[in-house]
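This report refers to the structure that appears directly beneath it.
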Amino acid sequence: MDVLTDPARRFLAATAPDHTAVQAEMADLADEWGFPIIGPEAGAVLRLLARLTDADRVFEFGSGFGYSATWFLRGGAESVVCTEFDADEAERGVAFAADHGYADGVTFEVGDAMETVDRYDGPFDVVLIDHQKGRYADAYRTVLPKVRSGGVIVADNIARGPIDFETLVAHFEAGEPLPDDAVDGATRGIGEYVGTVRSDDAVETAILPVGSGIAVSTVVR
């Protein structure tokens with residue numbers, strides 16, 4: 001379902017930043033493959049967060065061929081660690097970076113992002129969580145100690161995607177647990193994630209209705 005009214009959605013689309021050449025190529029490939037990308041509306045937020053945090057180091061849980069990483073780089077990030085389980089998608093991302101001159105700014109790691117992050121020391125300035133929805137909360141708990149104070153953790157697909165959004169809304173309105181027998185794993189994962197960051201005093205969180213909905217948590221500990 002659409003989170004925003006049609007006029008609001010069209011307004012955001014019309015005022016979002018234009019794609020760069022590589023982003024336009026990536027968007028075309030995403031259309032061809034039927035691959036979900038964060039899009040320019042949410043991408044503009046990633047760019048802004050990189051700029052506001054003066055980001056040096058970014059870590060992504062789930063990167064595909066690196067579309068979201070290009071937004072962080074546009075915001076001035078020095079380096080982005082991209083993780084992707086699919087070797088073909090990661091290889092395409094490496095090729096995009098080489099062809100468009102930003103290979104020094106990205107590192108593609110093939111495999112499980114949860115295992116990859118263990119090999120990296122912090123601090124990170126920005127983290128993007130955009131892999132299996134049922135693992136969002138685990139990713140948050142794993143990476144939080146590696147994010148500097150004032151850094152940001154962003155999670156995608158909070159309000160749209162492979163989730164039952166109406167059930168999620170009802171859950172938070174009622175303040176009751178999600179029913180075990182009526183909710184898919186992705187919806188449960190998003191519900192667990194939002195509940196986790198809302199109750200954690202180490203961060204302050206806002207949900208932004210751009211793209212597929214993103215949760216932005218600033219580390220305040």
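At position 188 of the sequence shown the residue is numbered 188 (full-length UniProt numbering), and the sequence of numbers has no breaks. Where a beta carbon is used, it is the ideal one built from N, C-alpha and C, also for glycine. Keep in mind it's a predicted model, so treat the numbers as computed, not measured.
1) May I ask you to report which of helix, strand or coil DSSP gives Phe85?
2) How is Ile190 classed by DSSP in three states: helix, strand or coil?
3) Among Trp71, Glu84, Gln132 and Ala139, which has the Cα closest to the Cα of Asp184?
4) Check the C-beta distance from Gly43 over to Ser68 and give it rounded, since I have them as a contact under 8 Å.
5) Look at Ile153 and Val169 and say whether their C-beta atoms are less than 7 Å apart.
6) Taking three-plus beta-carbon pairs below 8 Å as touching, is the region 80-89 in contact with the region 144-160?
7) Given 8 Å as the limit, is there contact between the region 67-83 and the region 110-127, that is, 3 or more CB pairs closer than that?
8) Quickly, what does DSSP pair Ala215 with across the bridge? List them, please.
9) What is the residue span of the alpha helix (DSSP H) that Asp201 lies within?
10) In whole angstroms, give me the CA-to-CA distance for Arg51 and Phe172.
11) Would you kindly report the start and end of the unbroken beta strand (DSSP E) that includes Thr15?
12) Grab the span of the alpha helix (DSSP H) containing Val22 for me, first residue to last.
13) On the three-state DSSP scale, how would you describe Ser68?
14) State the Cα-Cα distance for the pair Gly64 and Asp99, rounded to the nearest angstrom.
Quick answer:
1) Here residue 85 refers to the residue found at position 85 when the sequence shown is read from its first residue. Of the three classes helix, strand and coil, the one that applies to Phe85 here is coil, per DSSP.
2) Residue mapping note: residue 190 aligns to position 190 of the sequence shown, counting from 1. Note: Ile190 maps to helix in three-state DSSP.
3) Residue 184 sits at position 184 when you count from the first residue of the sequence shown. Looking from the CA of Asp184, the closest CA among Trp71, Glu84, Gln132 and Ala139 belongs to Gln132.
4) Looking up residue 43 in the sequence shown gives position 43. Looking up residue 68 in the sequence shown gives position 68. In this structure Gly43 touches Ser68 by the C-beta definition: roughly 7 Å separates them, less than 8 Å.
5) Taking the sequence shown and counting its residues from 1, the one referred to as residue 153 is at position 153. Taking the sequence shown and counting its residues from 1, the one referred to as residue 169 is at position 169. Not a contact, by the Cβ cut-off of 7 Å.
6) With the cut-off at 8 Å, the region 80-89 and the region 144-160 do not touch.
7) The answer is yes - the region 110-127 touches the region 67-83, with three or more Cβ pairs under 8 Å.
8) By one-based count along the sequence shown, residue 215 stands at place 215. Secondary-structure assignment with DSSP links Ala215 through a beta bridge to Ala155 and Ile207.
9) Within the sequence shown, residue 201 is the residue found at index 201, counting from 1. Premise fails: Asp201 is in no alpha helix (DSSP H) and is neither H nor E.
10) Translated into the one-based positions of the sequence shown, residue 51 becomes position 51. Translated into the one-based positions of the sequence shown, residue 172 becomes position 172. CA-CA distance, Arg51 to Phe172, rounds to 32 Å.
11) In the sequence shown, residue 15 corresponds to position 15, counting from 1. Looking at the DSSP string, Thr15 is not in any beta strand (DSSP E); the run it does join, the alpha helix (DSSP H), is Asp6 to Thr15.
12) Your numbering for residue 22 matches position 22 in the sequence shown. Counting along the chain, Val22 sits inside the alpha helix (DSSP H) bounded by residues Ala21 to Trp33.
13) Residue 68 sits at position 68 when you count from the first residue of the sequence shown. Of the three classes helix, strand and coil, the one that applies to Ser68 here is helix, per DSSP.
14) Within the sequence shown, residue 64 is the residue found at index 64, counting from 1. Within the sequence shown, residue 99 is the residue found at index 99, counting from 1. The alpha-carbon atoms of Gly64 and Asp99 are separated by roughly 17 Å.
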